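Below: the structure, in structure tokens.
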Ligand SMILES: C[S@@+](CC[C@H](N)C(=O)[O-])C[C@H]1O[C@@H](n2cnc3c(N)ncnc32)[C@H](O)[C@@H]1O
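Numbering (the numbering used here), first residue to last: 54 to 286.
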């Protein structure tokens with residue numbers, strides 16, 4: 054399905070997507086506060102609340118959905134926040150092209166598309182390859198939060214991440230169903246209203262493991278991205 058692209062004029066929207074070198078976040082935010090990334094921000098409920106709670110953190114909220122970016126920008130602009138920027142970009146593309154290794158204080162992924170059909174599971178964003186790659190971009194001690202309503206996705210991510218070098222489980226169990234203080238996203242609320250559980254996973258980039266000890270990765274090209282086109286855009 055092709056998206057009708059509505060231009061976004063918010064000052065908090067990053068239009069420069071050339072990504073020919075890692076982006077200069079200090080210049081973009083006007084300070085050198087730590088950088089957190091929300092992948093798949095949807096229409097911005099989560100990032101709005103989290104950024105209000107953590108004014109000392111810079112948040113980059115990304116989504117491939119133009120209307121989601123537009124609505125996220127509107128929320129951030131209305132709230133007068135200066136610690137959030139929004140970008141319409143694919144997560145793996147951003148990691149490969151726009152980020153320095155060990156540059157992220159925290160990464161949040163809330164209710165990613167679950168691709169419930171067995172034959173579509175390989176389309177899921179968070180898999181072993183993704184997690185191995187992400188470990189290179191988290192700072193030592195940086196946090197990774199993942200939430201889903203989909204039990205099979207939670208089981209899969211928990212099983213993958215628990216066996217990976219470079220991550221350390223911050224919970225007493227593979228997942229929990231409540232995470233006090235964690236903002237509720239639009240999709241989380243939708244599932245909670247139906248009486249479904251949310252699975253929360255929280256790992257930290259292990260400080261005892263240097264980046265050079267992590268498995269080398271090449272970023273898997275997301276099936277949604279036309280990398281040739283992205284490179285030529
Ligand atoms: C089910 S929605 C959840 C939105 C929001 N996180 C929430 O919990 O309300 C998943 C979002 O992830 C975005 N998305 C999916 N794959 C992505 C990718 N590879 N990179 C960036 N965003 C992605 C979709 O466009 C969609 O807005």
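Note that CB positions come from ideal geometry on N, CA and C, so glycine has one too.
Everything numeric in this text was worked out from a predicted model, so none of it was measured.
In the structure shown, the three-state DSSP call for residue 172 is helix. Taking the Cβ of residue 99 as the reference point, at least one heavy atom of ligand 1 falls within a distance shorter than 7 Å. A distance criterion of 7 Å places the beta-carbon of residue 144 in contact range of ligand 1, judged by its closest non-hydrogen atom. Taking the Cβ of residue 95 as the reference point, at least one heavy atom of ligand 1 falls within a distance shorter than 7 Å. Residue burial annotation: residue 65 is buried, with at least 16 other C-beta atoms found within 10 angstroms of its C-beta. In the DSSP secondary-structure assignment, residue 201 is bridged to 252. Counting only the Cα atoms, residue 67 lies some 35 Å from residue 215. Around the CB of residue 128, 16 or more other CB atoms lie within 10 Å, so the residue is classed as buried.
The bridge partners DSSP lists for residue 222 are 256.
Ligand 1 never approaches residue 128 closely enough for any of its heavy atoms to be under 7 Å from the residue's Cβ. Rounded to the nearest whole angstrom, the CA to CA distance from residue 150 to residue 226 is 34 Å. Less than 8 Å divides the Cβ of residue 195 from the Cβ of residue 157.
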